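To start, the structure itself, in structure tokens.
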Amino acid sequence: MRNNISNRSRILLENKTLGSYMKYITKLIFFSTTCLIFSNLLSKDITNEKFTTDDIYKIKNIHSIDLSDSANQITYIETFADKKNDDYRSALWLHDVRKNKSRKLIKKIKSISYPQFSPDEKYIAYVSPGKREFENYSQLWVINLKTARKRELTKIKNNVTDFQWSPDGKKIAIVVNHKKEDTEDTRPPIVVERYQFKKDGYDFIENENQHIYIKYLDQKEMIQITEGAYDHVLPSWSPDGEKLAFASKRDNPDIHNNWDLYILDLNNSSKINQLTHHKGSDSDPYSDVRPQWSPDGKSIAYVRSGDPNLIWYSLSQIAITDIETKSTKLITQHLDRNTSFPKWSNDGQALYFVIEDDTKSQLAVMQNNEITKITPDHMFISNWSDSFDIKDNTIALILSTTSSPEEIYIQNEDRLKKISNHNQGLLKNKKINPIEKISFESFDGVIINGMMIKPYDFDPSKKYPLIIRIHGGPVSQYDLSFSLERQIFASQQYVVVAVNPRGSSGRGEAFQKAIFADWGNIDAKDIMKATDYAISTGFIDENRMGIGGWSYGSMLTNYVIAKDQRFKAATSGAGISNILAGFGSDQYIKEYIIELGAPWENLDGWLRVSHPFLNADKIKTPTLFLVGEKDFNVPLIGSEQMYQALKYLSIPTKLIIYPGEFHSFSVPSYEKDVIDRYLKWYDKYIINQ
6 MRNNISNRSR ILLENKTLGS YMKYITKLIF FSTTCLIFSN LLSKDITNEK FTTDDIYKIK
66 NIHSIDLSDS ANQITYIETF ADKKNDDYRS ALWLHDVRKN KSRKLIKKIK SISYPQFSPD
126 EKYIAYVSPG KREFENYSQL WVINLKTARK RELTKIKNNV TDFQWSPDGK KIAIVVNHKK
186 EDTEDTRPPI VVERYQFKKD GYDFIENENQ HIYIKYLDQK EMIQITEGAY DHVLPSWSPD
246 GEKLAFASKR DNPDIHNNWD LYILDLNNSS KINQLTHHKG SDSDPYSDVR PQWSPDGKSI
306 AYVRSGDPNL IWYSLSQIAI TDIETKSTKL ITQHLDRNTS FPKWSNDGQA LYFVIEDDTK
366 SQLAVMQNNE ITKITPDHMF ISNWSDSFDI KDNTIALILS TTSSPEEIYI QNEDRLKKIS
426 NHNQGLLKNK KINPIEKISF ESFDGVIING MMIKPYDFDP SKKYPLIIRI HGGPVSQYDL
486 SFSLERQIFA SQQYVVVAVN PRGSSGRGEA FQKAIFADWG NIDAKDIMKA TDYAISTGFI
546 DENRMGIGGW SYGSMLTNYV IAKDQRFKAA TSGAGISNIL AGFGSDQYIK EYIIELGAPW
606 ENLDGWLRVS HPFLNADKIK TPTLFLVGEK DFNVPLIGSE QMYQALKYLS IPTKLIIYPG
666 EFHSFSVPSY EKDVIDRYLK WYDKYIINQ
């Protein structure tokens with residue numbers, strides 16, 4: 006439901022993840038390091054450092070991989086925290102596959118995205134802030150791989166949001182967000198006329214749209230090739246460079262999610278043919294999945310949503326549509342799993358894609374009508390379109406495990422080779438807290454899965470405090486990727502149970518849609534049964550238990566503590582419990598109408614899902630609320646109202662508001678502060694009660 010999470014936040018703060026990009030350097034304290042060195046001179050085991058919130062400044066986020074056409078070069082982005090400026094910075098890397106050597110092309114820049122090799126492999130194009138009067142706008146740049154000279158290709162007072170090289174490398178299709186510039190010293194009034202007028206990370210949406218331009222490298226001006234009061238996104242060149250496929254949402258786009266694919270004949274720019282007519286989404290730009298032409302130019306592979314009336318509870322599927330006949334095959338429908346990010350082999354005989362399973366995300370390939378998983382079960386491929394690329398028989402991937410953050414790998418045939426080690430500094434001398442999968446029977450006999458994280462020096466004869474963590478989404482899952490948050494909690498001697506209740510992904514459509522219009526009912530019961538399971542192990546102190554989550558994880562936390570008084574402390578980040586307050590104040594107007602109907606049409610349904618606010622007097626758990634000031638995903642009002650209710654009821658509570666932050670945070674010190682406050686709150690009411 007509430008999925009707008011960057012990849013960096015997914016790695017750092019598991020409570021924020023729902024699973025989403027975005028988006029570190031840590032400073033080791035000299036005294037602690039020195040003590041460790043000297044103490045370990047007398048010890049066989051030098052691996053005894055605990056994970057702490059200072060590690061937020063050390064973890065590196067690896068993303069946006071691109072493999073050159075010859076498969077001899079790889080480019081990718083490393084994003085890390087700049088502690089001095091309390092911001093994030095990025096570096097652009099180039100890896101020579103034959104020499105097995107890497108070098109930085111750009112060492113430190115405020116932001117960079119979408120690096121792509123030119124077809125002749127002489128340049129890499131990327132999006133980054135412009136210079137001088139264009140510094141507040143994202144522009145298209147190219148860097149010469151021989152001279153390292155950078156050139157700003159666009160100089161416009163609008164944001165470049167996406168691009169793709171043409172097959173001949175002489176031109177680039179560019180997506181530009183058209184937004185009227187404020188030229189006055191005093192900002193003019195915000196005029197709202199659109200049905201959908203809010204979007205997290207973008208403030209209010211006025212009359213703005215994204216359009217496609219063609220930029221010839223030897224010409225100064227760009228040519229606009231789309232127009233209209235709707236978006237045109239994810240441009241994709243046909244192999245012969247004569248056509249451009251793209252996604253667009255027409256016919257009053259604010260009131261529906263019906264993205265379709267269109268094809269524009271570049272020899273006749275007035276000729277735009279609609280390729281797909283599915284009532285749901287074809288290549289929804291939220292998923293950032295560009296339509297993929299087959300090498301022979303006869304068909305396009307893309308991601309199609311399921312039943313639009315199920316919104317995010319339906320499964321995403323890989324579709325292939327024939328250009329001439331417009332007939333469509335759903336090649337992964339039978340899997341009953343979310344599949345995404347299709348990419349063709351060079352000969353068009355195989356189609357690669359990512360498949361999400363229970364706690365897993367793996368690269369798979371369909372060839373000769375058979376599907377084979379390529380990456381190992383224990384290795385997690387990020388659910389982002391830039392997490393792998395394939396040319397010839399070489400696959401470049403970004404993979405992680407429960408004990409190691411994301412790194413770059415190369416796979417040739419059956420051989421998987423790690424070629425980067427950016428997070429070595431984070432993991433050096435660290436005690437990795439072990440993670441094991443758990444399963445238990447819920448109240449109605451349905452099996453619920455999750456993970457348990459124990460302290461590295463776990464002793465089964467002792468009693469440990471418990472933290473139940475709940476993911477956001479709700480259609481997301483806790484998975485086998487690295488989580489700094491889980492490691493920090495376990496390093497503080499908590500046993501952590503990360504549960505995938507009903508509504509989670511990875512278990513099929515029936516499991517996902519089980520909570521449709523029924524939030525906080527069976528999923529809350531699943532969480533309570535997870536707590537029972539943890540207690541049944543014999544090593545949990547049932548008088549020292551906490552719970553918490555972010556986004557829908559926060560909402561479900563509130564549902565649980567309104568029904569179950571066993572928890573001594575709760576943390577509730579960016580949630581809402583009076584769902585009526587979300588109508589018109591958040592970005593989900595379309596989804597509310599589909600799932601709940603209008604409040605005046607289904608008041609009982611709206612009141613039912615507002616249970617925690619309307620039953621706040623049942624809550625006895627001291628609760629910490631946290632939220633970004635500018636969050637339009639799950640706005641501030643949701644946390645304010647629950648804080649006010651508990652304050653009125655004299656239940657220990659506190660509200661933390663992070664200035665200028667959206668649903669996902671972009672300030673490292675704030676991300677550190679969130680976990681520091683979690684620990685302080687849990688320690689106060691669980692450990693020091």
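The sequence shown begins at 6 in this note's numbering and counts up one residue at a time.
Ideal Cβ positions, reconstructed from N, Cα and C, are used throughout, including at glycine.
Just so we're clear, the structure is a prediction, and the values are computed from it rather than from any experiment.
- Beta-bridge partners of F209 (DSSP): K203.
- Ranking S366, E676, E157, F346 by CA distance to the CA of Y357 puts F346 first.
- Taking 8 Å as the cut-off, the beta carbon of F544 is found closer than this to the beta carbon of K468.
- In this model, Q322 and K303 are separated by some 20 Å (Cα to Cα).
- Nearest C-alpha to N214 among L271, K155, G206, K254: K254.
- Per the C-alpha coordinates, the member of I599, T407, I656, G525 positioned closest to D622 is I656.
- Annotation for P673: no beta strand (DSSP E) segment contains it, though the alpha helix (DSSP H) segment containing it runs 673-687.
- Relative to A234, the option among W242, R199, F209 whose CA is nearest is R199.
- Partner residues in the beta bridge of H237, as assigned by DSSP, are S253.
- Boundaries of the alpha helix (DSSP H) harbouring N563: 557-566, taken from the DSSP string.
- Cβ neighbours of Y538 within its own chain (closer than 6 Å, five residues either side excluded): F445.
- If only uninterrupted alpha helix (DSSP H) runs of at least 4 residues are considered, none is enclosed by the segment 75-158.
- For H282, the closest alpha carbon among the candidates S107, D236, S116, K331 is that of K331.
- Nearest Cα to Y218 within the set I210, E232, F209: E232.
- The residue among S556, D256, I403, N638 with its C-alpha nearest the C-alpha of K203 is N638.
- Taking D259 as the centre and dropping the five residues before and after it, the same chain places the C-beta of R199, Y200, Q201 closer than 6 Å to its C-beta, in chain order.
- For K284, there is no enclosing beta strand (DSSP E), as DSSP gives it neither H nor E.
- Between D91 and L431, the CB-CB gap reaches or exceeds 8 Å.
- In the structure shown, D265 adopts extended strand secondary structure according to DSSP, grouped into three states.
- In this model, I360 and T344 are separated by some 5 Å (Cα to Cα).
- DSSP places S425 outside both helix and strand once states are collapsed to three, so it counts as coil.
- One Cα belongs to H383, the other to A324, and the distance between them is close to 27 Å.
- For the 8 Å CB-CB criterion, A522 and L601 form a contact.
- Judged by their CB atoms, G551 and A515 are not nearer to each other than the 8 Å cut-off.
- For F494, the enclosing alpha helix (DSSP H) stretches over residues 489-496.
- The alpha-carbon separation between N438 and H616 amounts to approximately 36 Å.
- In the structure shown, the three-state DSSP call for T58 is helix.
- For T399, same chain residues with a beta-carbon under 6 Å away, outside a window of 5 residues either side, are A76, N417 in chain order.
- Annotation: the continuous alpha helix (DSSP H) that includes P617 extends over 616-619.
- D270 is bridged by DSSP to K248.
- In terms of Cα proximity to S466, the closest of N505, T542, D394, D531 is T542.
- CA-to-CA, the gap between I598 and S319 works out to about 16 Å.
- When secondary structure is reduced to three states using DSSP, L320 falls in the coil class, being assigned neither helix nor strand.
- When secondary structure is reduced to three states using DSSP, I376 falls in the strand class.
- Counted as a single uninterrupted DSSP element, the alpha helix (DSSP H) harbouring K534 occupies residues 527-541.
- Note: N417 is bridge-paired with T399, R420 in the DSSP secondary-structure output.
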